[in-house]
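Student: Residue numbers (this note's numbering), protein chains in the order written: chain A, 36 to 206; chain B, 152 to 1072.
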Amino acid sequence: MTTLSLSVNGRALGPFEVRDDLTMNDFLREELGMTGTKFGCGAAQCLSCAVIVDMPDGSSHTNPTCVVPAVNFDGKAIRTIEGHAKDGVLTALQTAFIEHFSFQCGYCTPGFLNESQVLLERLEKTPVPRATLETVIAEALDGHLCRCTGYVKYHEAVRAVILAGADRYLI
Amino acid sequence: MRPSRRDFVKLMMASGIAVAVTPMARADAPSFASRETLPGRGVARPRLGRVDGVAKVTGAKLYASDFRAADMPGWPSETAHALFVRSPDASHIYEGIDLDRLSLIAKPTVVVTAEDVARIGARVPEFYAGDLFCPVGKTPFFLGQPLALLIFASFDDFDRVRVALRDGNYLKFGAETGPTEGPNYGAFRFTRVAGPTPDGPDLYSPIQEGWVSPGFFESTGRPIWKPLPVAKGGEYVKGATFGDAIRAELDAPDPETLVIQQDFETQSIDPVFLEPECGLAWYDPAKRNLELVLGVQSPFEAASAIAFLLGEADADHKPATINAQFAYVGGGFGGKDHTPFSLYIALAGLFLPGRPVRLAHDRFQQFQGGVKRHAFKMHSEIGVDRKSGLITGFAADHVLDGGGMANYSASVAVVGATGALGIYSIPKVDVTTVALHSRGVTAGSMRGYGTLQTMTAIEVLVDEVCAALPLDPIEFRRRNALATGGRTMTGNPYSVSVRTPEILAKLEAHPIWRDRAMEKAAAKPGFLVGTGVAVCTKDYGTGADCSLGRVEIDAEGRVSVHGDAVEMGNGIGTAIANRVAAHLGVVADRVGVSEIDAFDALGLFTSGDAYSTTQAAQDEAAKNPRWVPAISSATSASIGAHVGTQAAAEAARVLFRFGLWPAALAIWGIPQNDPRAKQWDEAFWQDGMLLMSGLSPLPLKAIAAKAHAMNGITGTMAHAFSRWAWAQATFTVGGEDVTADIDALAIRRGDGDFEPIERSAVAFPPADYNRIGTAFTSLCGTLVRIEIERATGIVRIAKAYSVLECGEALVPEVVRGQAQGGFAMGVGYALLETLPPFEDGPGNGQWNLGQYRLARASDLPVNDLEVEILPPLSPKEPPKGMAEVVMIPVVPGLLNAIFDATGHRFAALPVTAAHIKGVLA
């Protein structure tokens, strides 16, 4: 057993005594009851389990949780799908996912939402030319599996948000 | 008081068990029902989008996998965890689990085995006939057969044993027996010989003579298709004699006839819905109540099957009540329709009484135990008149691998066979089909079942014919397409629009097709370019489809809708809301799905089997005004729009006509004897206002308030049944007769209770419609342009176009999304996905994503996939199922493009880069 403390969606949690080989996914879903982060494959292939990890240097990236021990997240700050909307107000990305009918069953949505949010934040710091936008989106989201949609409407929604904020995200 | 989900609502008595839905409310937690009723009052949501949109982008607890005991109001707070143990061996005698060694990791609280279910007197429902668990001393009947449930009080113990069982050798097997043989799951022969003129009667057809099966089988279970000179199976001999004559003609063609033979194989694949199967059970022995949380496409069936399972169990294991609650489904694609998983959830709960138990597959287990798509082996021959380009005859033999349990195999065989002609009109047809048992993982329902396989075969075969004649592939299809009113293989015409000429015209005019030669000639060095086309027509409906719908409006003008259809991503909740909105002028702000409990007031009663009943039995049963051929059926995406919305739409129509319209007349001051009182058809909604020429616009809220004030009709619920046509009944409402495409109706006045309205007349579709193969169909055509890298064989889809027709698209963006998703699934099936049979396949418990390749965005033309939805033929053309047909032409379209690029015609799926590289070497 190892002690685990971390920040989830801006709230400091812990310390918890957790089994060394308990996955982060099971910690979130079974221990914290935060089932917004999904379990899809347990092999880091579908990424429906991905959460955002905020690094001390201000950068963020997504991380699968299904194969990573929870103790690896000790001292880290993560964001999950439950933490995007503030005071019931959806983010631009959440709204775009809904308005573009991006998902169907929605089980992969947490991973896509987190990955897309990280992309937006990266572009805000490092804008890209408009001509490369489709490629940038494709490369960012390609690790995520969706069985329902064919991905088209996820890409459309992310593109729409970026184009609507072109002065922030594009050179 | 109106019925609510918090009331105890008795759904049915099955084996002495009351099966119901009765969430036990707790003040400090939202009830399961309110979580699952979306979007919910007071929830802000974007202007556009699905009714479940906000819940799905905020991580709300929605799916069966999201719930634990602590989330369920009134349940004990701790959850125990059950672990499925399945067999990776089907050739040796099973000798048990090495529990002593396993207990060194963690000792299960309870172990449930074959002996235990036999001891308590559990019965296996007919659909799942066979051993629920392989008994010790027997060879498992198939790979992945359940051996035991191990139930652990703590998650940590469960989790450690789960990993140990997958990676270690804890299952004991003894002497080698070889695989166990089993009878086939169904064998049929479909033969049709058209008469000399299209309008004249057929010489022979299944609709005339009935469906026939061979009377004799080899010891392997394979049928003997030749008609034998014996009395048994006389109907078979008649059909088979016609069939053999067709084959004789194809075997000895005249010089004017081109005959091409084809052998084609399709592979087993997994549905890979992203949410693995799971559920919760809690058996309270004091109250003898079994609580369940399930996520299936067939809720009514699941509840009924569990009731049967336990109906004759001993006193300690027979609940007095079963309360089944159904959650949103994280993908289904057919794989959560009639799955035996629900039975094991119930058993897990019963064997640890007093403790909520969760049973959940991980992905390895889902591969090992979840139903698969059937692998087909097909031999086909087609005859074509060289001069006219018209198809003269077609014969085929299909052999399906059904895996270890029957499940839907017989149905898949039939649907595959009756769909084998695709879009074509062929005067002489003979198709045999047999679904065999094997030791493979059970094959069952999956999107486009049967037809995906057989229509891929014929669309590839037709491409070969066009190259051989030669004739332009679109022109060939134009000449041979079944026209509206033409007869299908079973001898009946489709009862809906058949718009093949329009689809072909769209394809022909599209730049992908028009520019194919130029693009091929302009291929980059090291690359091959090819273009492929395919067109498919796919039935929707099963021949016994039901719909339940309930619509209510409160005095504030807020609309709530409830249906029995399951939301599995297909947008059914949004579609129901939109269809109701057409009648009531506003989109409901409460939409409940998977609600089989909300219709008690209809007092429905059923008996017999809707698929096999006789006309006499149906007529007799229909004398009971509460009788319907079936109450609730499984949801599939393809029938969602057509079936799932029907009852709610009809209920809304009645609510408007007899509830809102009289209230509007009262506000306008129009008396009943005024001619305008009968002109409800001329009124229409715009921006929440009811408009009528010459009268002041009325807001819905005012009309609703008036309806309540008048104690008028403010709620309606209905049941609908379709056997290739809707049952129709007449009811007397408000002193007037109304005839609608429903067979049961109840109404509510003001805030009162729902009361049933007795039907004064009913016309159920005739029983012999069960001989119809398909009567409802929709069409989709697909063009693909591909580039193949010579050095690697990798296929890149440069551009694609799908054009479909589906009547009224209730939610066009959902339809478009289904087409895009179907395209992706088609690409996976054609180029990527495969599961080997038997010991190297998923039954060994070692398969997961990564090893199994799904289409990723980078495999698809995400920015170059064009979808066109034809507008409905008329404003009143009803919605047609479309979620299956959009996937099918993608597969043969890709194969035809690969042929165009490489000159090689592949005869087995998937066609991987390695295969292509092999033929280019």
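Built from N, CA and C at the ideal position, the CB exists for glycine as well.
1) Which residues of the segment 189-218 of chain B have a Cβ closer than 9 Å to any Cβ of chain A? Give them in chain order.
2) With DSSP collapsed to three states, give me the class of K579 of chain B.
3) Alpha carbon to alpha carbon, how far is G430 of chain B from E117 of chain A?
4) What do you reckon, are the CB atoms on G346 of chain B and D353 of chain B nearer than 8 Å?
5) Verify the CB distance criterion: does D513 of chain B have a CB-CB separation below 8 Å to chain A?
6) Report yes if the C-beta of N44 of chain A is less than 7 Å from at least one heavy atom of the ligand NAP; otherwise report no.
7) A178 of chain B by DSSP, collapsed to three states: which one?
8) Would you say A169 of chain B faces chain A, with C-beta separation under 8 Å as the test?
9) Which residues in the same chain have their Cβ closer than 6 Å to the Cβ of G329 of chain B, if we skip the five residues on either side of it in sequence?
10) List the residues of chain A whose Cβ lies closer than 9 Å to the Cβ of M640 of chain B, in chain order.
11) Counting contacts by CB-CB distance shorter than 8 Å, is D307 of chain B in contact with chain A?
12) Closest to G820 of chain B by CA distance: which of B:H793, B:A800, B:I854 is it?
13) Jot down the residue ranges of each uninterrupted alpha helix (DSSP H) in the segment 654-685 of chain B, minimum 4 residues, whole runs only, in chain order.
14) What residues match up with A273 of chain B in a beta bridge as DSSP calls it?
15) Check the Cβ-Cβ distances between E134 of chain A and every residue of chain B, and say whether any is below 8 Å.
16) If you draw a straight line from the C-alpha of Y387 of chain B to the C-alpha of K469 of chain B, how long is it?
17) Can you confirm whether D838 of chain B, when its beta carbon is compared against all beta carbons of chain A, has any partner nearer than 8 Å?
18) Leaving out the 5 sequence neighbours to the left and right, which residues in its chain are closer than 8 Å to Y142 of chain A when beta-carbon positions are compared?
19) Taking only beta carbons into account, state which residues of the segment 291-323 of chain B come closer than 7 Å to chain A, listed in chain order.
20) Which residues in the same chain have their Cβ closer than 6 Å to the Cβ of M59 of chain A, if we skip the five residues on either side of it in sequence?
21) In chain B, which residues lie with their C-beta within 8 Å of the C-beta of F251 of chain A?
22) Check distances from the C-beta atoms of the segment 514-535 of chain B to those of chain A and list, in chain order, the residues that come in under 7 Å.
23) What residues of chain A sit near L1011 of chain B, judged by a beta carbon separation below 7 Å?
24) Can you find the residues in the same chain that come closer than 8 Å, C-beta to C-beta, to Q823 of chain B, ignoring five residues on each side of it along the sequence?
25) Are the C-beta atoms of N999 of chain B and some chain A residue less than 8 Å apart?
26) Name the one or two DSSP bridge partners that Y121 of chain A has.
27) Name, going along the chain, the residues of the segment 715-728 of chain B whose beta-carbon falls closer than 8 Å to a beta-carbon of chain D.
28) Ignoring anything shorter than 4 residues, give me the alpha helix (DSSP H) runs that lie fully in the segment 614-655 of chain B, in order along the chain.
29) Could you tell me the distance, in whole angstroms, from the CA atom of C687 of chain B to the CA atom of A871 of chain B?
30) Should the segment 331-351 of chain B be regarded as contacting the segment 576-591 of chain B, the criterion being three or more beta carbon pairs within less than 8 Å?
31) My understanding is that K1031 of chain B touches C957 of chain B, with C-beta atoms under 8 Å, so please give their C-beta distance in whole angstroms.
32) What residue range does the alpha helix (DSSP H) around D251 of chain B cover?
33) Just to make sure I have the definition right: I need the residues of chain A whose C-beta is within less than 7 Å of the C-beta of Q359 of chain B. Which are they?
34) Is it true that the CB of G637 of chain B sits closer than 8 Å to the CB of P349 of chain B?
35) Select from A:G123, A:N44, A:F51 the residue whose C-alpha is nearest the C-alpha of V86 of chain A.
36) Would you mind reading off the limits of the alpha helix (DSSP H) that contains V1041 of chain B?
Tutor: Let me spell this out:
1) V194, A195, R196, P197, R198, L199, G200, R201, D203, G204, V205, A206, K207, V208, T209, G210, A211, K212, L213, Y214, S216, D217, F218
2) Within the second sequence, the letter at position 428 stands for residue 579 of chain B. In the structure shown, K579 of chain B sits in a strand (DSSP, three-state: E or B).
3) Along the second sequence, one-based indexing puts residue 430 of chain B at 279. Along the first sequence, one-based indexing puts residue 117 of chain A at 82. Using only the alpha carbons, I get a separation of about 23 Å.
4) By one-based count along the second sequence, residue 346 of chain B stands at place 195. By one-based count along the second sequence, residue 353 of chain B stands at place 202. Contact: yes.
5) Reading the second sequence from its first residue, position 362 is the one you call residue 513 of chain B. Closer than 8 Å to some Cβ of chain A, the Cβ of D513 of chain B qualifies, so yes.
6) Of ligands this structure carries none, so the ligand NAP is not represented either.
7) Reading the second sequence from its first residue, position 27 is the one you call residue 178 of chain B. Confidence at A178 of chain B is low in this model, with a pLDDT of 39, below 50, so the placement of that residue is unreliable and no value is reported for it.
8) As a position in the second sequence, residue 169 of chain B is number 18, starting the count at 1. No, its Cβ sits nowhere closer than 8 Å to a Cβ of chain A.
9) Counting from 1 along the second sequence, the entry for residue 329 of chain B is found at position 178. Excluding sequence neighbours, G329 of chain B sits near S242.
10) Within the second sequence, numbered from 1, the residue matching residue 640 of chain B stands at position 489. Neighbours of M640 of chain B on chain A: none; closest Cβ ~31 Å, over 9 Å.
11) Numbered from its first residue, the second sequence carries residue 307 of chain B at position 156. Yes, D307 of chain B lies at the interface with chain A (some Cβ there is under 8 Å from its Cβ).
12) Mapped onto the second sequence, residue 820 of chain B falls at position 669. For the residues B:H793, B:A800, B:I854, the minimum Cα distance to G820 of chain B belongs to B:I854.
13) 662-665, 667-672
14) Position 122 of the second sequence, counted from the first residue, corresponds to residue 273 of chain B. Looking at the DSSP assignment, A273 of chain B forms no beta bridge with any residue, so it has no partner.
15) If you number the first sequence from 1, residue 134 of chain A lands on position 99. Yes - at least one Cβ of chain B is within 8 Å of the one on E134 of chain A.
16) Walking along the second sequence from the start, residue 387 of chain B turns up at place 236. Walking along the second sequence from the start, residue 469 of chain B turns up at place 318. Cα to Cα, Y387 of chain B sits roughly 45 Å from K469 of chain B.
17) Here residue 838 of chain B corresponds to residue number 687 of the second sequence, with the count starting at 1. No, no contact with chain A.
18) Working through the first sequence from its first residue, we reach residue 142 of chain A at position 107. K73, G75, S83.
19) F306, D307, D310
20) Taking the first sequence and counting its residues from 1, the one referred to as residue 59 of chain A is at position 24. These residues qualify, in order along the chain: T100, V103, A105, F108.
21) The first residue shown for chain A is 36 and the last is 206, placing residue 251 of chain A beyond what the model contains.
22) R514
23) Residue mapping note: residue 1011 of chain B aligns to position 860 of the second sequence, counting from 1. Ordered by position in chain A, the residues that pass the 7 Å Cβ test against L1011 of chain B are G185, Y186.
24) Here residue 823 of chain B refers to the residue found at position 672 when the second sequence is read from its first residue. Cβ neighbours of Q823 of chain B beyond the five flanking positions: L816.
25) Taking the first residue of the second sequence as position 1, residue 999 of chain B is located at position 848. Cβ-Cβ to chain A under 8 Å: yes for N999 of chain B.
26) On the first sequence, position 86 is the one that residue 121 of chain A refers to. The identity of residue 121 of chain A in the sequence shown is Lys, whereas the question assumes Tyr. According to DSSP, which records beta bridges pairwise, K121 of chain A is partnered with A:V124.
27) No chain D is present in this structure, whose protein chains are A and B.
28) 624-631
29) Here residue 687 of chain B corresponds to residue number 536 of the second sequence, with the count starting at 1. Here residue 871 of chain B corresponds to residue number 720 of the second sequence, with the count starting at 1. Roughly 28 Å between the two C-alpha positions.
30) yes
31) Residue numbering aside, residue 1031 of chain B sits at position 880 when the second sequence is read from its first letter. Residue numbering aside, residue 957 of chain B sits at position 806 when the second sequence is read from its first letter. Their Cβ separation, rounded to whole angstroms, is 5 Å, which keeps K1031 of chain B and C957 of chain B in contact under 8 Å.
32) The residue labelled residue 251 of chain B in the question sits at position 100 within the second sequence. From DSSP, the alpha helix (DSSP H) with D251 of chain B extends over 250-253.
33) Start at 1 with the first residue of the second sequence, and residue 359 of chain B comes out as number 208. Near Q359 of chain B there are no residues of chain A at all, since even the closest Cβ is about 42 Å away, more than 7 Å.
34) For the purposes of this step, residue 349 of chain B is taken as residue 198 along the second sequence, with counting starting at 1. For the purposes of this step, residue 637 of chain B is taken as residue 486 along the second sequence, with counting starting at 1. Taking 8 Å as the Cβ cut-off, P349 of chain B and G637 of chain B qualify as a contacting pair.
35) The sequence position of residue 86 of chain A within the first sequence is 51, counting from 1. If we check each option's Cα against that of V86 of chain A, A:N44 comes out closest.
36) Here residue 1041 of chain B refers to the residue found at position 890 of the second sequence. V1041 of chain B -> alpha helix (DSSP H) spans 1041-1053.
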